[in-house]
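Trainee: The structure is given below, and queries will be raised subsequently.
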Amino acid sequence: MKTGLFIRKYDEVEWEKMNKNKCLFLGSEGCIYKLPHKNEIVDLKNKIKDMEIHIITPLVSQMNLQLAKDAIDDLISANAIDSITFNDYGVLYYVANKYKYSNIKFYLGRLLTKSFSDCPWSDHLNRNEEDFVKKYMNGFALNDPRKIKMFKDMGIEGAHLSANHKNAEGLKEIAQNGFDIIVHLNTIIGSSSRICSQAQYHSLSYPACKDKCEKPAVLRLSKVWSLKEDGYIEPSKEVKRMVPDYYVAGNITYYRNPDQELLLDMSHLITYGVEDSHFGTYVYA
């Protein structure tokens, strides 16, 4: 497993770390305005010749589809990137067809590989199910050789996964079917939306909103609704244990991956282990 750093924008790059690691995942899973520019990619390559540059592209609204296409076309023309990750099927279809014979690897993003096990309380919801049902529910949509073949035929070579102990068997199956596995070591995606939660909360629009998602807000459970009490009550210890702190970065909500040690033990199955640079820079909402 090779480790890389996930950074949202060029001016967040820490050059000392990059000189040691030389593997960068740059972009956003949720915001089209976070895509880097061609000149930034060229500058990265000029400063660190043997750096791997992996571009992460976001979920894209119809209004911004052409913007996304043009931006990706421009990035590819730099001849300096190693892979592109897609979190939108429309953008994936466009690029995979137009650049089918390029030397760039194409990967599925986490918004396209989400699993029921991404829900922190999925074990609680599955508590009365048989083991085979739990295994199926906790797997990935890619736990089907026919789907992997279909994506391979499109030129897709791997997938980003939010992996944990509940879906570890599913990860193994995907790796055994010849897909590159890119695991995010310190985050799991809880939810995503086409509306930017932070921009909406602050009543801002781009570009005035862009500094808000640089410091993800923390959502912490304080009360739960009780039908019995017909109102909000203090959560029980069991509920507090199940519900983690959530971190809202733009239109993506993350929580801390509790199974980093397990993923390191599975490193022989993983092509890249990605660490999110935003962890440690949170503010409380």
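So the sequence shown is numbered by this note's numbering: it starts at 777 and just counts up by one. Built from N, CA and C at the ideal position, the CB exists for glycine as well.
#1: In the DSSP assignment, what are the bridge partners of K881?
#2: How close, in whole Å, do the beta carbons of G780 and H830 come, if the pair is a contact with beta carbons under 8 Å?
#3: Return helix, strand or coil for E828, following the three-state DSSP convention.
#4: Please identify the residue among G1007, P1011, K821, K874 whose C-alpha is closest to the C-alpha of L997.
#5: Work out the CA separation of C807 and G946 for me, nearest whole Å.
#6: What are the start and end residues of the alpha helix (DSSP H) that includes G915?
#7: Buried or exposed, going by whether 16 or more other CB atoms sit within 10 Å of the CB of A939?
#8: Thinking C-beta only, is F862 closer than 8 Å to T833?
#9: Using three-state DSSP, classify L937 as helix, strand or coil.
#10: At what residue ranges does the stretch 968–995 contain a whole run of the beta strand (DSSP E), taking only runs of 3 or more?
#11: When DSSP labels each residue in this structure, what does A1061 get in the three-state scheme?
#12: Is the beta carbon of D864 less than 8 Å from the beta carbon of L835?
Mentor: Short version:
#1: In the DSSP assignment, K881 forms a beta bridge with S859.
#2: 7 Å
#3: strand
#4: P1011
#5: Across the structure, G946 and C807 are spaced so that their CA atoms are roughly 28 Å apart.
#6: Per DSSP, G915 belongs to no alpha helix (DSSP H) and is neither H nor E.
#7: Result: buried.
#8: Contact: yes.
#9: strand
#10: 993–995
#11: Because A1061 sits at a pLDDT of 43, beneath the cut-off of 50, its placement in the model cannot be relied upon, and the following sentence gives the value as read from the coordinates. Of the three classes helix, strand and coil, the one that applies to A1061 here is coil, per DSSP.
#12: yes
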